[in-house]
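Since the structure comes first, as structure tokens, the remarks are kept for the end.
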Amino acid sequence: MFALPFFRQPKPTLAGQKVTLRPPVASDYAQWAALRRESQNFLSPWEPKWAADELDRGAWRQRMRRYREEMAQGSGIPFLIFEKSTGKLTGGITLGNIRHGVAQSGQIGYWMGVGHAGKGYMHEAVDLVVSFGFETLRLHRIEAACIPSNDRSIRVLEKAGFQREGLLRSYLRINGAWQDHLLYALIAGDGGSKQEQG
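Residue numbers for the sequence shown follow UniProt numbering, so the first one is 1 and each next one is one higher.
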């Protein structure tokens, strides 16, 4: 798989007004596991069913290996989202399934800890990752998919300027059941987030 020169450079840090994004490192485990544990009921309706060892250190090490492989191949880059003022972990966002050649596209996925939702952190994180995808990685299209009943996620995407393109039937197995998803996309040159347009 083709890897952009970018992925051989030091890991990126993206900074906004409220949040800082950076790829996870091994020492993030305790803070990540604690936030995911306290947010499980909040997150489980929107995520694949958690494995029995989901929050174990061994599963974290496997996750880190997968992240390193994806970054080395140029197929994905994960970020943890930290509150800028305190350095506290609030969630995560990934730009994955990166394709080059005639596609020049990627997909974003994200999660926010239960105590941090509704504070504008995810909107800013999405804006930062979109800018990174278009400006640094030179992607042409960024997609996101969400369950139709996930009003929070729909608001985040639409506020960031994503346009709804259709319904993906029985698209992903979420919380143990195949779920329809709404497909959203943003094209380079669309004008960025509505916040920036205003």
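Beta carbons: idealized from backbone N, C-alpha and C, even for Gly. On a predicted model such as this, the values are computed, not experimentally measured, just so you know.
Pair within 8 Å by beta-carbon distance, residue i and residue j
i      : j      : result
Gln163 : Tyr171 : no
Met112 : Gly133 : no
Thr20  : Lys88  : no
Ile77  : Pro24  : no
Lys159 : His123 : yes
Glu70  : Gly96  : yes
Asp190 : Gly166 : no
Val129 : Phe79  : yes
C-beta neighbour in chain B for residue i, strict 8 Å
i     : result
Leu95 : In the structure shown, chain B does not exist; there is a single protein chain.
Boundaries (first-last residue) of the beta strand (DSSP E) holding residue i
i      : result
Ala72  : Ala72 -> not in any beta strand (DSSP E); alpha helix (DSSP H) instead, spanning Arg57 to Gln73.
His181 : Ala177 to Ile187
Rounded straight-line distance, which links the Cα of residue j to that of residue i
i           : j      : result
Leu55       : Ala33  : 6 Å
Ala125      : Ile93  : 7 Å
Ile108      : Glu143 : 6 Å
Arg63       : Arg57  : 10 Å
residue 199 : Gly118 : The structure shown does not extend to residue 199, since the chain is modelled only from 1 through 198, so no value can be given for it.
Ala188      : Leu137 : 11 Å
Lys194      : Leu14  : Because Lys194 sits at a pLDDT of 41, beneath the cut-off of 50, its placement in the model cannot be relied upon, and the following sentence gives the value as read from the coordinates. Each residue's Cα considered, the two are about 20 Å apart.
Glu135      : Val156 : 21 Å
Ser75       : Lys11  : 14 Å
Lys49       : Ala59  : 14 Å
Ile98       : Gln73  : 10 Å
Gln104      : Leu168 : 21 Å
Asp53       : Glu38  : 15 Å
Glu47       : Ile174 : 5 Å
Ile81       : Gln17  : 12 Å
Leu186      : Gln31  : 32 Å
Gly176      : Ile147 : 14 Å
Leu139      : Tyr121 : 23 Å
Asn150      : Ala51  : 22 Å
First through last residue of the alpha helix (DSSP H) which encompasses residue i
i      : result
His100 : It is not in any alpha helix (DSSP H) - His100 carries neither H nor E in the DSSP assignment.
Glu165 : Looking at the DSSP string, Glu165 is not in any alpha helix (DSSP H); the run it does join, the beta strand (DSSP E), is Gln163 to Ile174.
Arg155 : Asp151 to Lys159
Residue environment, residue i, which counts as buried when at least 16 other CB atoms sit within 10 Å
i      : result
Asp127 : buried
Thr86  : exposed
Arg36  : buried
Ser27  : exposed
Gly106 : buried
Ser153 : buried
Ala145 : buried
Hey, is the stretch 100 to 119 in contact with the stretch 37 to 44, meaning 3+ C-beta pairs nearer than 8 Å? Result yes; three or more Cβ-Cβ pairs closer than 8 Å.
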